[in-house]
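S.K.: One structure coming up, written as structure tokens, with questions to follow.
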Amino acid sequence: MSDGQVPQSVADSSAAPPSISSANIHPFLDISPDALVIVDRNGNIVLVNGQTEAVFGYARSELLGQPLELLLPQRFHAAHASHRERYFSAPRTRPMGIGLNLVGRRKDGTEFPVEISLNPLLLDGTLHALGAVRDVSAQRAVERERLQQAQQIRLQADLLNLAHDAIFVRDPASRVSFWNSGAEELYGWAEQEALGRVSHVLLKTRFPVDLATIEAQVAHDGQWEGELAQTRRDGSTVIVESRWAGVRDEQGHPTTIMEINRDITRRRELEQAEHAVYAETAARLTFMQQVLDALPSGIYLVYGREARLLLANRATASVWGAQWSTDQPMLEFLATNGIALFDAQGYPMQPEQYATLRAVGRGETVLQQQEAIRRPGGSSLPVLVSALPLLQQPGTDQLGPLGEAVALVVHQDVTALKEAEYLKDEFVGIVAHELRTPLAALRGFADMLLVQTARRRGPKLADWQQEALEEIELAVKRLVDLTEELLDVTRLQAGRLLLQRAPTNVVTLARRIATFLQQTTTRHQIEVHTEHASLVADVDPGRVEQVLTNLIGNAIKYSPQGGLVTVTLWEEAATGVVKISVQDHGIGIPGSQQAQIFGRFTRADNAQAWGISGTGLGLYICRELVERHGGQLWFESRENVGSTFFMTLPIVANQKSSEPPSSP
Ligand code: ADP
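What follows is the structure, encoded as structure tokens:
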């Protein structure tokens with residue numbers, strides 16, 4: 000087989016290669032959009048078209064006669080030579096390098112993807128090969144992009160499956176075309192079971208409005224959100240927060256709807272439970288408020304050291320004569336409304352004495368403290384105030400909205416009681432006053448009888464007559480004392496008791512009273528202890544004598560078995576007072592009754608049990624008298640052990656005498 004002869008195999012397998020002369024081939028080569036390269040059996044370039052120059056960047060003259068390998072990267076040279084050998088031994092039209100990524104090499108060394116088809120060609124009667132080379136860079140770029148898109152879609156599907164939400168996609172007829180693992184988990188239907196089913200039939204979906212309305216909204220807005228009730232495979236109900244997104248084709252027709260459903264069953268259950276608790280609490284509060292409003296006393300709750308109002312019943316506003324607003328501190332409320340508080344004696348109270356502030360500030364329980372409220376209009380309302388700090392509940396650190404202390408306060412209007420008391424005082428005053436004259440006469444006549452009999456100015460009396468006369472005198476003395484006490488009480492109540500102050504040596508006074516009272520008893524020993532020869536106080540001597548006589552008298556009276564009564568006097572320079580104590584070892588005062596012992600007509604049970612007579616007025620009068628001097632009176636006592644009464648009196652002229660006393 001010589002050069003230029005058509006090989007047998009070519010003739011057998013296909014039609015004979017086209018034959019053309021090099022003289023007239025050029026016009027054909029140049030109309031091709033591909034780069035056309037004709038090589039001879041040795042692989043040398045014989046002809047190229049203009050497109051080859053454009054694609055590879057060589058001038059035609061640089062290519063002709065050169066080996067075809069010039070247009071390939073170095074790494075393909077060897078393989079290419081052997082391919083060419085094989086091709087020329089069995090030439091036929093075919094694409095080259097199927098399944099391989101063929102690469103061309105430009106003059107500037109850059110490479111680019113190509114597709115090549117090979118055609119045998121008889122040029123001037125000799126077998127050549129015509130290669131049509133196409134630059135496929137653009138095509139490859141598109142393919143790469145598609146591949147990336149496909150990968151992205153796969154990734155998205157994987158992500159949807161990772162989501163805990165149930166996600167499914169359905170066509171316009173609601174047939175499921177995608178069903179993620181979240182949907183499998185939530186509904187119990189496997190992907191294979193769900194695909195192709197009508198989703199709302201499968202899930203027995205209950206819509207908040209009818210489906211057509213929802214679909215119309217998706218068609219219009221492209222989305223919908225709402226709450227659905229659906230049924231799981233096991234028949235249980237699930238509440239979901241549902242989001243629908245519609246996808247349309249180029250013509251604007253809906254193609255698919257993606258539905259994302261989040262299980263909110265538990266959340267809804269909790270919300271319902273919470274709502275029920277809230278409703279119950281609200282109902283209870285309303286009921287409590289109604290009960291409180293029906294009560295005639297002012298009842299309110301305060302919190303924090305400033306006693307801010309938490310809750311008040313209706314009567315609270317009428318007690319104060321003003322509306323106290325929630326969260327307002329007590330002092331601010333009082334100041335803005337011009338309300339003032341006074342104690343039982345009518346002295347203005349200091350805030351630290353207010354029952355309410357004591358309860359929240361110091362956790363004190365105050366029971367039935369007498370206060371008078373001067374209201375915005377100027378009217379005065381006597382009240383009994385009880386303030387109770389509310390106990391901490393187990394498990395909670397503190398109470399109140401801000402974790403602060405809370406106190407319950409009750410204001411009981413005692414106007415009616417006060418009026419009755421006033422009338423009683425009036426009555427007692429009148430009676431006592433009216434008793435004075437007849438008692439004076441009785442006392443005078445009894446005295447006269449005793450004195451004249453002793454002087455033998457009349458008939459001799461039998462012993463029983465003599466005793467009866469002495470009993471009469473004693474009883475009359477008691478009656479006189481009682482009426483004096485009653486009159487003192489009415490004077491104190493009416494503010495008619497005036498002090499005649501004068502510098503008074505209380506040491507001398509105490510010694511005189513002790514000596515006098517010592518004559519009335521043999522079972523007791525009265526001692527006066529002091530380092531001072533004189534302690535001069537600015538007091539009404541008659542009234543201080545009355546107080547000391549009462550205290551030492553009580554020490555004797557309430558020590559029925561006798562014993563030592565010690566009167567001690569000393570000076571407290573720092574506070575400018577003289578202090579006097581009266582100590583006994585008698586029956587003492589039971590702890591439970593100590594708080595009331597300064598009240599009027601108040602007597603301890605043990606005193607009555609011992610058969611010791613008394614009126615229960617003495618200590619009340621003593622405290623009033625001492626306090627009007629600007630001093631204080633208090634005691635320490637233990638039942639069956641004894642009592643010590645203390646009092647202070649001002650040494651120098653007391654500037655503060657018109658001010659209220661503070662607690663000892
Ligand atoms: P009374 O006329 O009853 O003595 P007071 O007002 O002087 O009235 O005293 C009131 C009560 O206080 C007495 O009834 C008694 O129970 C109690 N009391 C007063 N002083 C003493 C005391 N030294 N020891 C025990 N109890 C006392």
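Each residue of the sequence shown is one higher than the one before, starting from 0 at the first, in numbering that gives the first Met the number 0. Heads up, the beta-carbon is just placed ideally off N, CA and C, and yes, glycines get one too. Predicted, not measured: the structure shown is a model, and the values here were computed from it.
(1) Considering only their Cβ atoms, is the gap separating D123 from S60 smaller than 9 Å?
(2) Do the region 484-499 and the region 525-532 meet, that is, are 3 or more Cβ pairs less than 8 Å apart?
(3) In three-state terms, what does DSSP make of K459?
(4) Starting from E258 and walking both ways along the beta strand (DSSP E), at which residues does that stretch end?
(5) What span of residues does the beta strand (DSSP E) with M646 cover, start to end?
(6) Would you list the one or two residues that DSSP bridges to Y673?
(7) Under a three-way DSSP split, which group does P659 fall into?
(8) My understanding is that A665 touches A406, with C-beta atoms under 8 Å, so please give their C-beta distance in whole angstroms.
(9) Excluding the 5 residues preceding and the 5 following A501 in the sequence, name in chain order all residues of the same chain whose CB lies nearer than 7 Å to its CB.
(10) Going by the C-beta, is Y302 closer than 8 Å to any heavy atom of the ligand ADP?
(11) Determine, using beta-carbon pairs with one atom in the region 140-160 and one in the region 215-232, whether at least three such pairs fall under 8 Å.
(12) Between Q322 and R307, which are expected to be in contact by the criterion C-beta below 8 Å, what is the C-beta distance as a whole number of angstroms?
(13) From A244 to N48, what does the alpha carbon distance come to, in whole angstroms?
(14) At a cut-off of 8 Å, would you count I512 as near the ligand ADP, judging by its Cβ distance to the nearest heavy atom?
(15) Classify P32: buried if its beta carbon has 16 or more other beta carbons within 10 angstroms, exposed otherwise.
(16) Could you tell me which uninterrupted beta strand (DSSP E) segments, each at least 3 residues in length, are contained entirely in the region 153-220, listed from first to last along the chain?
(17) Mapping the DSSP letters down to three states, classify A22 as helix, strand or coil.
(18) Less than 9 Å between the beta carbons of E184 and A165, yes or no?
(19) Cβ-heavy atom distance between I579 and the ligand ADP below 8 Å?
(20) So, with DSSP's three-state summary, where would you put V413?
(21) Below 9 Å between beta carbons: does that hold for V301 and I263?
(22) Pick helix, strand or coil for T92, following the three-state DSSP scheme.
(23) Taking the alpha helix (DSSP H) that G617 belongs to, which residues open and close that run?
(24) Cβ atoms of L616 and F600: under 9 Å apart, would you say?
(25) Is there a Cβ of chain C sitting closer than 9 Å to that of D170, yes or no?
(26) In the DSSP output, which residue or residues are listed as bridge partners for Q582?
(27) Look up V668 in the DSSP assignment and say whether it is helix, strand or coil.
(28) In angstroms with no decimal places, state the Cα-to-Cα distance between V546 and D604.
(29) Would you say K556 touches the ligand ADP, meaning its beta carbon is less than 8 Å from a heavy atom?
(30) Looking at the unbroken beta strand (DSSP E) that takes in I249, where does it start and where does it end?
(31) Near T520, which residues of its chain fall below 6 Å by C-beta distance, leaving aside the five closest residues on each side in sequence?
(32) Decide if Q397 is buried, meaning its Cβ has at least 16 other Cβ atoms within 10 Å, or exposed.
(33) What first and last residue would you give for the beta strand (DSSP E) that runs through L69?
(34) Within 10 angstroms of the Cβ of W188, are there 16 or more other Cβ atoms? Answer buried if so, exposed if not.
(35) What is the residue span of the alpha helix (DSSP H) that T355 lies within?
(36) Buried or exposed, going by whether 16 or more other CB atoms sit within 10 Å of the CB of H410?
M.R.: Put simply:
(1) No, the pair does not count as a contact, with Cβ atoms beyond the cut-off.
(2) Judged by Cβ distances under 8 Å, the region 484-499 makes no contact with the region 525-532, as fewer than three pairs qualify.
(3) Reduced to three states, the DSSP call for K459 is coil.
(4) For E258, the uninterrupted beta strand (DSSP E) run begins and ends at 253-262, by DSSP.
(5) For M646, the enclosing beta strand (DSSP E) starts and ends at 641-649.
(6) Past the edges of the chain, shown from 0 to 663, lies residue 673, and the structure says nothing about it.
(7) Since pLDDT at P659 reaches only 37, below the 50 mark, its modelled position is unreliable, and the value read off the structure follows with that caveat. Under the three-state reduction of DSSP output, P659 falls in the coil class, being neither helix nor strand.
(8) Residue coverage of the chain in this structure runs from 0 to 663, which leaves residue 665 outside it and unanswerable.
(9) The answer, listed in chain order, is P540.
(10) Not so, every heavy atom of the ligand ADP lies at least 8 Å from the Cβ.
(11) In this structure the region 140-160 does not lie against the region 215-232, because fewer than three pairs of beta carbons, one per stretch, are closer than 8 Å.
(12) That belief does not hold up - the Cβ atoms of Q322 and R307 are roughly 15 Å apart, past 8 Å.
(13) Between the alpha carbons of A244 and N48 lies a gap of roughly 56 Å.
(14) Because no heavy atom of the ligand ADP lies under 8 Å away, the Cβ of I512 does not count as near it: no.
(15) Exposed: under 16 other Cβ atoms inside 10 Å.
(16) Fully enclosed beta strand (DSSP E) runs of 3 or longer: 165-169, 175-178.
(17) Here A22 sits in coil by DSSP.
(18) Taking a C-beta distance under 9 Å as the contact criterion, E184 and A165 qualify as a contact pair.
(19) Not one heavy atom of the ligand ADP is found less than 8 Å from the C-beta of I579.
(20) In the structure shown, V413 sits in coil (DSSP, three-state: anything other than H, G, I, E or B).
(21) In this structure, the beta-carbon distance from V301 to I263 does not fall below 9 Å.
(22) The answer is coil: DSSP assigns T92 none of H, G, I, E or B.
(23) Element bounds for G617: 617-627.
(24) By the CB criterion at 9 Å, F600 and L616 fall inside the cutoff.
(25) The displayed structure is made up of one protein chain only, and chain C is not part of it.
(26) Per DSSP, T565, T643.
(27) The chain is shown from 0 up to 663; residue 668 falls before or after that span and cannot be answered.
(28) Rounded to the nearest whole angstrom, the C-alpha separation of V546 and D604 is 23 Å.
(29) Result yes, Cβ under 8 Å from the ligand ADP.
(30) Per the sequence presented here, residue 249 reads as Glu, with Ile not at that position. Note, E249: premise wrong, no beta strand (DSSP E); not H, not E.
(31) Excluding residues within five positions, the ones whose Cβ falls inside 6 Å are I555.
(32) Its pLDDT being 49, under 50, Q397 is placed unreliably by the model, and the measurement read from it follows with that caveat. Taking every protein chain shown into account, the CB of Q397 has fewer than 16 other CB atoms within 10 angstroms, so this residue is exposed.
(33) Segment: none, L69 is in no beta strand (DSSP E) and carries neither H nor E.
(34) Only buried fits W188, as 16 or more other CB atoms lie within 10 angstroms of its CB.
(35) It spans 354-361 - the alpha helix (DSSP H) in which T355 sits, taken as one unbroken run.
(36) Burial call: buried.
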